[in-house]
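Residue numbers (the numbering used here): 80 to 517.
Built from N, CA and C at the ideal position, the CB exists for glycine as well.
Bear in mind the structure is a predicted one, so any value in this text is a computation, not a measurement.
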């Protein structure tokens, strides 16, 4: 209920305490809030104000019920704002997750209909001052997907506003990187919802069929992409998009087996062959449309893969931008020139969504493989650790992370290592990139 400060119903001490408790709640200082309320309840009971004590008790119960529903996202009880960005064409959605005391208290959405050609770093450079100009001051850490070019200037601005040091940080891995990915997922979902509400959902298959000259309605779409760095740790990915939404339980990942070197075309042929041989073998449904992340060369490779698997899918297209251009183009096997797509078309947004999702899935798998290999290669550089000891350590402990956490006694007993090798293992791993997680 309102304390009525504007009509002199509240006494100064009571109103000040209520304002302080409200600030605790908004800042996520849950322990301070609960402690203040319990102290108030005891004071009221000691003074025989039992009705007031009962009201405070009920308020405590309601607050504890709210706090119980809050998701714990940080075991270290940090205060952070975490930003994620999603894009479709020229539109961008930015999600801000408010983490206080390690708990996700809430979120804020910023939608921009036209961001032009600004990249994520430039977008954050203009956005961060707007977010914090009128809002609650920034916490100690603002976690972003990429550092803006003027990060130091922005951090100084936020520090002045908050009257305490504020750090802007772009994690590359670890728990904080996973929080950024959570914010990005929220942004993608919000943007997808906006596009649906704008009317793209109901008529989309018909519009796509008409614009792209497809032989059937694209109810089920399968998209392919490959990811590697100069052929190293090469992987591929396939996603399924059905009835205008991803079917993540049908996603597939591929480790490239038959290709050495940086031959993206051969990699595409391999993963398409493997996917449709599996589909034929298991009697799985074939898609209405196959979308390839790439141009004419990638499409030709995909068609060779389908032929090797013994399947014929009428509609196969590629989506890519011409070098140095921003406009999306659709490539067809039968056309000598690609079809430029209108930037504001729901069909363009749909194809971008599917292409971006398979690209994200492929890159995520490749990054994970690369990081795993990097961590494993650290063991090879330690004197006294040969193939046999490396195999034994991984069998006993399961991962490099568990080896890092192991005590000297555990390494000696379970790993069968002499004392000098144990010391080298601990020293090397704990100062390697695998030994610390931001």
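Excluding residues up to 5 positions away in sequence, 284, 321, 322 and 367 lie with their Cβ nearer than 8 Å to the Cβ of residue 298 in the same chain. Taken in chain order, the complete beta strand (DSSP E) segments of 3 or more residues contained in the region 259-343 are 299-308, 311-321 and 331-334. At the C-beta level, residue 372 and residue 324 stay beyond 7 Å of one another. In this structure, residue 396 keeps its C-beta atom at 7 Å or more from the C-beta atom of residue 365. The region 173-193 makes contact with the region 255-272, as at least three CB pairs between them are under 8 Å. Taking the Cβ atoms as the reference, residue 464 lies roughly 7 Å from residue 504, within the contact range of under 8 Å.
Secondary structure note for residue 400: its beta strand (DSSP E) is the uninterrupted segment 395-400.
The region 173-252 is shown to contain whole alpha helix (DSSP H) runs of 4 or more residues at 199-213 and 230-241, in chain order. In the structure shown, residue 372 adopts extended strand secondary structure according to DSSP, grouped into three states. Residue environment for residue 207: buried (at least 16 other C-beta atoms within 10 angstroms of its C-beta). Its chain contains 171, 173, 199, 202, 224, 263 and 266 as the residues whose beta carbon lies nearer than 7 Å to that of residue 164, once the 5 sequence neighbours on both sides are disregarded; these appear in chain order. Distance between residue 478 and residue 390, taken at the CA atoms: about 41 Å. Across the set 250, 131, 292 and 195, the C-alpha of 292 shows the shortest separation from the C-alpha of residue 414. One alpha carbon belongs to residue 427, the other to residue 167, and they sit about 9 Å apart. Residue 410 sits away from residue 385, with the two beta carbons spaced by 7 Å or more. With a cutoff of 7 Å on beta-carbon distance, residue 332 and residue 444 are scored as near each other. Judged by beta-carbon spacing, residue 350 lies within the 7 Å limit of residue 315, meaning their Cβ atoms are closer than that value. Proximity to residue 211 across 430, 441 and 162 peaks at 162, based on C-alpha coordinates.
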